[in-house]
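Residue numbers (the numbering used here), protein chains in the order written: chain C, 447 to 539; chain P, 3 to 353.
Note that CB positions come from ideal geometry on N, CA and C, so glycine has one too.
Here the structure is a predicted model, which is why all the values come from computation and not from measurement.
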Amino acid sequence: MKPVRMHHPGEPTTEEPPQRLLDLADAIADPSVIQCGITTTRDGRWGLYVTVPADTTVPIASVEQKAEGFPVVYEAELSEPVRAGPAYPRRKR
Amino acid sequence: MATFGEALEALEEFRAELVNLQMNAPIPEAQAMAFRATAGEPADTPLANVHATGVGVRDDGQFVVKVYMFDAASMQSASSVSLLSKPMQGVHVDVEHLPVQTAFDRSASRKVATAAAGNPAQHQARRRPVPGGVEIGPLGGNFVGTLGCFVRRGGDGAGPLFVLSNNHVLANVNRFPLGTPFTQPFSANASDTIAKLSSFEPIRFPAPGSQPRNVIDAAIAVVTDPAQVVTGKMLNIKKYVPQLLAPRPGMAVTKAGRTTGVTTGTIRAIRVRGVQVNYGTRQNPIIATFDNAITIVGSNGMPFSNPGDSGSVILEQTTGRPVALLFAGDSVTTTACDVSVACARFNVRPV
């Protein structure tokens, strides 16, 4: 299975994510994981948010093992880094 | 419960099987000679009436293979066809009636898009008193960003008043000296000055032997004349309550920005670490890595932000409370930092 292109999280079932999940998110260290964070599944369960190269086969065993039963959402990484920059109003488009 | 990825894989298999069955279906001689209109009549096989397939989601969040049929009559016989009535690779198949669609009137769709995007021109104009969510730029400079909101130091209301925005807007990525004047709007006229750079969190870039991590792209500029600004207001946003709120996935959010005006979106993930952000150009990228980031996607496929919206404060849509500070993005994804962390860094609170 390949990672999803765009994850759409649902409203979380509880106000705050479980502390254990926050700790786990900091501990994920698989070499194919580009980013790791916290999200919710479509039905609102708290889970790990992981971005990996688009051609990666998921789920990743080491990540699932570390996730301790929390759902893991795998999303394909962007084709290039996001840009931070102002606008230049005098430049012609 | 099937995931989106599983549903996509099942869809590919479903389509291959569908084409195979349609190709091998026996064609009555009369139909082979000439097509005939069949509107309102059940076809010989329901598969002949399938005109679209895709991935859908049920109310309970389960992803399914979606099959659309021209007429309601063939839907009734769909259960007699194995392909349309059994799960494909464990993913359920939902059959729906979808008559022939008519394209929207182009002028109407343009109106909707314009309304959804707000009115960017208002956010680029001179505003007095100055609210949050408007254009700001260095005096005589060549770039612009967004004045996110006003923040104050000290709890008694007597402390100094600041503008909150990004480092890359107010400090030009660590380059501007403290005291650099900022105008509203973008201007070379000193009389338009509203604030001067006070403090910024340096953005750290990799160096030999060093892979630094960043958490915020933020800076503050002290308001030079508080009588020229209005606190507690965000241009074109009806409800703005300057009380910090923790961001959550799935949270519906809005922002007022210089380039796209008022837009809405949804938080996809929070506390994301390892986000690569390009402070250079496509040709000459200068990459900084951020942790504790928040990612947002715009509503209805519209971008949540564009260049020039940097510095916008992102609000929870229903309460109008600040949750994030926008600083990067592309046509699909917007990246923000936790506005609470930015306020703590400068010892200020939104007003």
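Cross-chain neighbours of residue i in chain C, by beta carbon under 9 Å
i, result
"His170/P", "Ala530, Gly531 and Pro532"
"Val59/P", "His454 and Arg488"
In DSSP terms, what residue i is bridged to
i, result
"Thr195/P", "Thr185/P"
"Asp96/P", "Lys68/P"
"Phe6/P", "Per DSSP, none; premise fails for Phe6/P."
"Gly493/C", "Thr485/C"
"Glu521/C", "Val450/C and Thr497/C"
"Pro249/P", "Per DSSP, none; premise fails for Pro249/P."
"Leu470/C", "BP columns for Leu470/C are empty, so no partner."
"Pro324/P", "Leu317/P"
"Lys257/P", "Thr265/P and Ile316/P"
"Asn280/P", "Arg529/C and Ile289/P"
"Thr459/C", "Paired residues: none, contrary to the question."
"Arg351/P", "Arg154/P"
"Ile222/P", "Leu166/P and Ser201/P"
"Met236/P", "Gly134/P and Ile239/P"
"Ser212/P", "Ala209/P"
"Cys345/P", "BP columns for Cys345/P are empty, so no partner."
"Gly142/P", "Note: Gly142/P sits in no beta bridge, so no partner."
"Ala330/P", "Thr337/P"
Interface partners of residue i on chain P, CB under 9 Å
i, result
"Gly456/C", "Gly63, Pro251 and Gly252"
"Pro464/C", "Simply none; closest approach about 13 Å."
"Leu524/C", "Gln278, Asp332, Val334 and Thr335"
Cβ neighbour criterion (16 or more within 10 Å) applied to residue i
i, result
"Pro179/P", "exposed"
"Gly310/P", "buried"
"Ser109/P", "Caution applies to Ser109/P, whose pLDDT of 34 falls short of 50 and renders its modelled position unreliable; the value that the coordinates give is listed next. So Ser109/P counts as exposed."
"Ala4/P", "buried"
"Ile289/P", "exposed"
"Pro324/P", "buried"
"Ala32/P", "Any reading at Ala32/P must be qualified, since the residue scores a pLDDT of 46, below 50, and its modelled position is unreliable; the value itself is stated next. Counting Cβ neighbours within 10 Å, Ala32/P comes out exposed, since fewer than 16 surround it."
"Ser212/P", "exposed"
"Val21/P", "exposed"
"Met236/P", "buried"
"Arg260/P", "buried"
"Arg270/P", "buried"
"Thr233/P", "buried"
"Thr148/P", "buried"
"Arg536/C", "exposed"
"Val97/P", "buried"
"Arg451/C", "exposed"
"Gly267/P", "buried"
"Gln126/P", "buried"
"His170/P", "buried"
"Lys240/P", "exposed"
"Glu521/C", "buried"
"Asn216/P", "buried"
"Ala500/C", "exposed"
Cross-chain neighbours of residue i in chain C, by beta carbon under 7 Å
i, result
"Glu11/P", "Met447"
"Ile289/P", "Pro527"
"Phe178/P", "Within 7 Å Cβ-Cβ: nothing; Phe178/P doesn't reach chain C, min ~12 Å."
"Val299/P", "Met452"
"Gly181/P", "None at all; the shortest Cβ gap to chain C is about 20 Å."
Proximal chain C residues relative to residue i, where beta-carbon distance stays under 8 Å
i, result
"Glu8/P", "Met447"
"Val329/P", "Checking the sequence shown, residue 329/P turns out to be Phe, not Val. By Cβ distance, chain C contributes Ala530."
Chain-ordered chain P contacts of residue i [CB-CB under 7 Å]
i, result
"Thr485/C", "Pro251, Arg270 and Ala271"
"Ile480/C", "Gly276"
"Ala471/C", "Arg273"
"Pro427/C", "Since the displayed chain C opens at 447 and closes at 539, residue 427/C lies outside it and no answer follows."
Interface residues of chain P facing residue i [CB-CB closer than 8 Å]
i, result
"Pro477/C", "In chain order: nothing, as chain P lies at least about 12 Å away."
Query raised in the report: Counting Cβ pairs, one atom from each stretch, are 3 or more of them under 8 Å apart for the segment 312-324 of chain P and the segment 500-515 of chain C?
Result: no
Query raised in the report: Of all the residues that make up the segment 215-239 of chain P, which are near chain C by a beta-carbon distance shorter than 7 Å?
Result: Asp219
Query raised in the report: Mind listing which residues of the segment 306-324 of chain P have their C-beta closer than 7 Å to chain C's C-betas, in chain order?
Result: Pro309, Gly310 and Ser312
Query raised in the report: Which residues, in order along the segment 335-349 of chain P, keep a beta-carbon less than 7 Å from a beta-carbon of chain C?
Result: Thr335 and Thr337
Query raised in the report: Which of the residues in the segment 261-286 of chain P, read from start to end, lie with their CB under 9 Å from any CB of chain C?
Result: Thr261, Thr268, Ile269, Arg270, Ala271, Ile272, Arg273, Val274, Arg275, Gly276, Val277, Gln278, Val279, Asn280, Tyr281, Gly282, Thr283 and Arg284
Query raised in the report: Between the segment 485-495 of chain C and the segment 277-291 of chain P, are three or more C-beta pairs nearer than 8 Å?
Result: no
Requested in this report: Check whether the segment 193-204 of chain P touches the segment 86-99 of chain P, taking contact to mean three or more Cβ pairs, one atom from each stretch, closer than 8 Å.
Outcome: no
Requested in this report: Using a Cβ-Cβ cut-off of less than 7 Å, give me the residues of the segment 118-146 of chain P that come near chain C, in sequence order.
Outcome: Asn144, Phe145 and Val146
**Report entry** Positions along the segment 184-203 of chain P whose CB lies within less than 7 Å of some CB in chain C
**Finding:** Phe188
Query raised in the report: Three or more beta-carbon pairs under 8 Å between the segment 174-193 of chain P and the segment 132-146 of chain P, yes or no?
Result: yes
Report task. Tell me, please, whether the segment 491-508 of chain C touches the segment 463-474 of chain C by the rule of three or more beta-carbon pairs shorter than 8 Å. Result -> yes
Query raised in the report: Does the count of Cβ pairs from the segment 236-246 of chain P and the segment 295-311 of chain P closer than 8 Å reach three?
Result: no
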